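S.K.:
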Amino acid sequence: MNQSTPSAIVVGAGVVGLCTAWSLARRGAAVTVVERGSVPDPRAASCDHHRMIRLSYADPGYCARMTEAYAAWEALWADLPGPLTRYYHERGVLTLSREPGDWGDRARAAMEAAGQPYERLEPGELAARFPHLEPSNEGYGFVSRGGCLMANHILTDLAERLRGQGAAILEQSPVTAIDAEAGEVALADGRRLTADVVVLAGGVGAQALAPDLLPELWARRTVILYADPPADLAEAWASAPCWTDLGGEEDLWGLPPVDGLPLKLGCAIMGRDRPDPEDRTMRPEEIERMLDVYRGRFRGIDRFQVRWGQANHFTCAPGDRFVLKRRERLWVVSADSGHGFKFGALSGEDVAAAALGEAPEAEVARRMAALPA
Ligand SMILES: Cc1cc2nc3c(=O)[nH]c(=O)nc-3n(C[C@H](O)[C@H](O)[C@H](O)COP(=O)(O)OP(=O)(O)OC[C@H]3O[C@@H](n4cnc5c(N)ncnc54)[C@H](O)[C@@H]3O)c2cc1C
Numbered sequence: 001m002n003q004s005t006p007s008a009i010v011v012g013a014g015v016v017g018l019c020t021a022w023s024l025a026r027r028g029a030a031v032t033v034v035e036r037g038s039v040p041d042p043r044a045a046s047c048d049h050h051r052m053i054r055l056s057y058a059d060p061g062y063c064a065r066m067t068e069a070y071a072a073w074e075a076l077w078a079d080l081p082g083p084l085t086r087y088y089h090e091r092g093v094l095t096l097s098r099e100p101g102d103w104g105d106r107a108r109a110a111m112e113a114a115g116q117p118y119e120r121l122e123p124g125e126l127a128a129r130f131p132h133l134e135p136s137n138e139g140y141g142f143v144s145r146g147g148c149l150m151a152n153h154i155l156t157d158l159a160e161r162l163r164g165q166g167a168a169i170l171e172q173s174p175v176t177a178i179d180a181e182a183g184e185v186a187l188a189d190g191r192r193l194t195a196d197v198v199v200l201a202g203g204v205g206a207q208a209l210a211p212d213l214l215p216e217l218w219a220r221r222t223v224i225l226y227a228d229p230p231a232d233l234a235e236a237w238a239s240a241p242c243w244t245d246l247g248g249e250e251d252l253w254g255l256p257p258v259d260g261l262p263l264k265l266g267c268a269i270m271g272r273d274r275p276d277p278e279d280r281t282m283r284p285e286e287i288e289r290m291l292d293v294y295r296g297r298f299r300g301i302d303r304f305q306v307r308w309g310q311a312n313h314f315t316c317a318p319g320d321r322f323v324l325k326r327r328e329r330l331w332v333v334s335a336d337s338g339h340g341f342k343f344g345a346l347s348g349e350d351v352a353a354a355a356l357g358e359a360p361e362a363e364v365a366r367r368m369a370a371l372p373a
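Heads up, the sequence shown is in UniProt numbering, so the first residue is 1 and it goes up one at a time.
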């Protein structure tokens, strides 16, 4: 490796690839990002108006990493041109627990253990504090730090910043093969690029390029619905927090109206494993089902105006853990499992530190998987 100016190719311009490119460039590397589509690409898991960031995590390891995750974002935003509100809206996150030991209750315990602050609300207090909720919401809730990461703004400005720093970003350039030993990347148009380090951050496209390194991954399709609440509930929604209600059978999560956008409803059980790569639109019956699972949770669901639905594919790994592996000059990263955007800036720092030899590979892989030392 050229020690003074190592060269690096990053395959994939989702949040993990772009943040890794930024962290590599900050360390003095000459970076080329290669993306099969545009930045952001509508097929990328990272591509949407926003993604949630939350401290509440049932997994103690990822809960503990959230302080670092926020710090990594703050360092990155300071280097981008926009005001903070272009990248982030602090709205708080309401986590619901229905019974002792469920996801929400374990998340609260993990927050307690990590020393993260939260405000606990008993059932009677929930609907009084948040009038958009049906009073029937059982269990307790807690509110903690979190909000909306403005995903597409972050990706667009990050790519622009990288270009300004001299990085090359090759759009519409699908990669067809990677030679780990030579550090060579072959593009569909016949070009071949080489570098000291190649980072594969290709999301659902990564496995095809390194099947033997990433046999444990699989793709999942999920749907989200953007909708406007009825006018009489608009005021209640205007100050509503993001929500995670992952303890029951339905696995609900979503984001309130922010930055002129409608609110966004998500439901993890509506996901499907190993999807058809072309299956990327939300079907009318899925819209109906999404509204149905929210009946009894949010007031006035039957009067919500559906604006649009969206289907995205993302990558899952066992235990929902992030994966970092290496062969020769090639580093492959999958920091997703449906919860990776919030860690994007931190994952970029981790991968860059490992790839440039600043930190031992096994130690970084363990940190990214949020496993105990
Ligand atoms: C609907 C939905 C909601 C989510 N909500 C949240 C949330 O609220 N909070 C949160 O933290 N996380 C959330 N996630 C997860 C988060 O979005 C992902 O973890 C994260 O975006 C993954 O980023 P990535 O860079 O690994 O992958 P991607 O964003 O998929 O990026 C991979 C890139 O590689 C490119 N690529 C693929 N193959 C090739 C190739 N052969 N050549 C060149 N380029 C290639 C792709 O075009 C793509 O741009 C959600 C995911 C989905 C789908």
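Built from N, CA and C at the ideal position, the CB exists for glycine as well. No experiment lies behind these values; they were computed from the predicted model shown.
Would you list, in sequence order, the uninterrupted alpha helix (DSSP H) runs of no fewer than 4 residues that lie entirely inside the region 275-339?
M.R.: Within the region 275-339, the complete alpha helix (DSSP H) runs of at least 4 residues are 284-294.
S.K.: Measuring straight from C-alpha to C-alpha, what distance separates E134 and G296?
M.R.: The residue labelled residue 134 in the question sits at position 134 within the sequence shown. The residue labelled residue 296 in the question sits at position 296 within the sequence shown. Approximately 6 angstroms, taken between the alpha carbons.
S.K.: Quick one: does the C-beta of E216 sit closer than 7 angstroms to a heavy atom of ligand 1?
M.R.: Translated into the one-based positions of the sequence shown, residue 216 becomes position 216. False, no ligand heavy atom lies under 7 angstroms from that Cβ.
S.K.: Taking the alpha-carbon positions, what's the D196 to E122 distance?
M.R.: What you label residue 196 is simply residue 196 of the sequence shown in a count that begins at 1. What you label residue 122 is simply residue 122 of the sequence shown in a count that begins at 1. Cα-Cα distance, rounded: 56 angstroms.
S.K.: With respect to the alpha helix (DSSP H) encompassing L346, which residues constitute its N-terminal and C-terminal limits?
M.R.: Numbered from 1 along the sequence shown, position 346 holds the residue referred to as residue 346. That run of the alpha helix (DSSP H) goes 344-355.
S.K.: What I want to know is whether the C-beta of T67 ends up closer than 7 angstroms to one or more non-hydrogen atoms of ligand 1.
M.R.: Position 67 of the sequence shown holds residue 67. No, Cβ of T67 sits at least 7 angstroms from all heavy atoms of ligand 1.
S.K.: For G147, which option in E119, G92, L200, I154 has the closest C-alpha, if you only look at C-alpha atoms?
M.R.: In the sequence shown, residue 147 corresponds to position 147, counting from 1. Taking only the C-alpha atoms, the option nearest G147 is G92.
S.K.: Could you round the C-beta distance between A177 and A167 to whole angstroms and report it? I think they count as a contact, below 8 angstroms.
M.R.: Residue 177 sits at position 177 when you count from the first residue of the sequence shown. Residue 167 sits at position 167 when you count from the first residue of the sequence shown. Wrong, their Cβ atoms sit about 23 angstroms apart, outside the cutoff.
S.K.: Is the region 224-239 close to the region 198-212, with three or more CB pairs under 8 angstroms?
M.R.: No: fewer than three Cβ pairs fall under 8 angstroms.
S.K.: Taking buried to mean at least 16 other C-beta atoms within 10 Å of its own C-beta, is W308 buried or exposed?
M.R.: Along the sequence shown, read from residue 1 onward, the residue named residue 308 stands at position 308. When all chains shown are included, W308 counts as exposed.
S.K.: Give the list of continuous alpha helix (DSSP H) stretches no shorter than 4 residues that lie fully inside the region 95-148.
M.R.: Counting only runs of 4 or more, we get 103-114, 123-129.
S.K.: Could you tell me whether any non-hydrogen atom of ligand 1 is closer than 7 angstroms to the CB of G266?
M.R.: Numbered from its first residue, the sequence shown carries residue 266 at position 266. Under cutoff, so the answer is yes.
S.K.: For the structure I just gave you, are there three or more beta carbon pairs, one from the region 280-292 and one from the region 320-332, closer than 8 angstroms?
M.R.: no
S.K.: Just checking, does the region 338-350 make contact with the region 71-80 on the three C-beta pairs under 8 angstroms criterion?
M.R.: yes
S.K.: Say the cut is 7 angstroms; is the CB of S46 nearer than that to a heavy atom of ligand 1?
M.R.: Numbered from 1 along the sequence shown, position 46 holds the residue referred to as residue 46. It does: the Cβ of S46 is within 7 angstroms (strictly closer) of some heavy atom of ligand 1.
S.K.: Identify, in the order they occur along the chain, each residue of the same chain with its Cβ nearer than 6 angstroms to the Cβ of M270, setting aside the five sequence neighbours on each side.
M.R.: What you label residue 270 is simply residue 270 of the sequence shown in a count that begins at 1. Cβ neighbours of M270 within its own chain (closer than 6 angstroms, five residues either side excluded): V223.
S.K.: Could you check the C-alpha separation between G61 and R367 for me, to the nearest Å?
M.R.: Taking the first residue of the sequence shown as 1, we reach residue 61 at position 61. Taking the first residue of the sequence shown as 1, we reach residue 367 at position 367. Their backbone Cα atoms lie some 9 angstroms apart in a straight line.
S.K.: If you draw a straight line from the alpha carbon of S173 to that of E35, how long is it in whole angstroms?
M.R.: Position 173 of the sequence shown, counted from the start, is the residue given in the question as residue 173. Position 35 of the sequence shown, counted from the start, is the residue given in the question as residue 35. Computed Cα separation, rounded: 6 angstroms.
S.K.: Would you say I224 touches ligand 1, meaning its beta carbon is less than 7 angstroms from a heavy atom?
M.R.: Looking up residue 224 in the sequence shown gives position 224. Flag set: Cβ of I224 near ligand 1.
S.K.: Going straight from the alpha carbon of L356 to that of F304, what length do you get?
M.R.: Here residue 356 is taken as the residue at index 356 of the sequence shown, counted from 1. Here residue 304 is taken as the residue at index 304 of the sequence shown, counted from 1. Using only the alpha carbons, I get a separation of about 50 angstroms.
S.K.: Pick out the complete beta strand (DSSP E) segments inside the region 203-249, 3 residues or longer, and give them in chain order.
M.R.: 218-228, 242-245
S.K.: Among A109, S23, E181, A317, which residue has its Cα nearest to the Cα of A219?
M.R.: Against the sequence shown, residue 219 aligns to sequence position 219. Ranking A109, S23, E181, A317 by Cα distance to A219 puts A317 first.
S.K.: Leaving aside the five residues before and after G202 along the sequence, list all residues of the same chain whose C-beta is less than 7 angstroms from its C-beta, in chain order.
M.R.: For this step, residue 202 is matched to residue 202 along the sequence shown. The answer, listed in chain order, is V11, G12, L209.
S.K.: Our contact map puts T20 next to V351 with C-beta atoms below 8 angstroms; I'd like the distance itself, whole angstroms only.
M.R.: The residue labelled residue 20 in the question sits at position 20 within the sequence shown. The residue labelled residue 351 in the question sits at position 351 within the sequence shown. Contact holds; Cβ gap of about 5 angstroms.
S.K.: Does the Cβ of P372 have 16 or more other Cβ atoms within 10 Å, making it buried, or fewer, making it exposed?
M.R.: Working through the sequence shown from its first residue, we reach residue 372 at position 372. By the 10 Å Cβ count, P372 comes out exposed.
S.K.: So the candidates are M282, Y57, L18; which of them puts its Cα closest to the Cα of G115?
M.R.: Counted from its first residue, the sequence shown places residue 115 at position 115. Of the candidates M282, Y57, L18, the one whose C-alpha sits nearest the C-alpha of G115 is Y57.
S.K.: By DSSP, does V39 sit in helix, in strand, or in coil?
M.R.: Locating residue 39 in the sequence shown gives position 39, where the first residue counts as 1. Here V39 sits in coil by DSSP.
S.K.: Report whether the distance from the Cβ of residue 376 to the nearest heavy atom of ligand 1 is below 7 angstroms.
M.R.: The structure shown has nothing for residue 376, since the chain only spans 1 to 373.
S.K.: Using a threshold of 7 angstroms, is the CB atom of G348 nearer than that to any non-hydrogen atom of ligand 3?
M.R.: Looking for ligand 3 in the displayed structure turns up nothing; the ligands present are ligand 1.
S.K.: Between R129, R329, R274, H50, which has its C-alpha nearest A240's C-alpha?
M.R.: Position 240 of the sequence shown, counting from 1, holds the residue named residue 240. Nearest C-alpha to A240: R129.
S.K.: Spatial neighbours of Y118 within its chain, please: C-beta separation below 7 angstroms, excluding the five flanking residues on both sides.
M.R.: Within the sequence shown, numbered from 1, the residue matching residue 118 stands at position 118. Excluding residues within five positions, the ones whose Cβ falls inside 7 angstroms are R108, M111, F142, V143, S144.
S.K.: Could you spell out where the beta strand (DSSP E) holding Y88 opens and where it closes?
M.R.: Reading the sequence shown from its first residue, position 88 is the one you call residue 88. Element bounds for Y88: 88-90.
S.K.: Going by the DSSP bridge assignment, what does D273 pair with across the sheet?
M.R.: For the purposes of this step, residue 273 is identified with residue 273 of the sequence shown, where counting begins at 1. Per DSSP, R220.
S.K.: Measure the beta-carbon distance from V15 to S46 and round it to whole angstroms, keeping in mind my assumption that it falls under 8 angstroms.
M.R.: By 1-based counting over the sequence shown, the position of residue 15 is 15. By 1-based counting over the sequence shown, the position of residue 46 is 46. With a beta-carbon spacing of about 4 angstroms, V15 and S46 fall inside the 8 angstroms limit used to define contacts.
S.K.: Put D179 into one of helix, strand or coil per three-state DSSP.
M.R.: As a first step, residue 179 must be located in the sequence shown, where it is residue number 179. In the structure shown, D179 sits in a strand (DSSP, three-state: E or B).
S.K.: Please report the straight-line C-alpha distance between A29 and D105, rounded to a whole angstrom.
M.R.: Within the sequence shown, the letter at position 29 stands for residue 29. Within the sequence shown, the letter at position 105 stands for residue 105. If you take the alpha carbons of A29 and D105, they lie about 44 angstroms apart.
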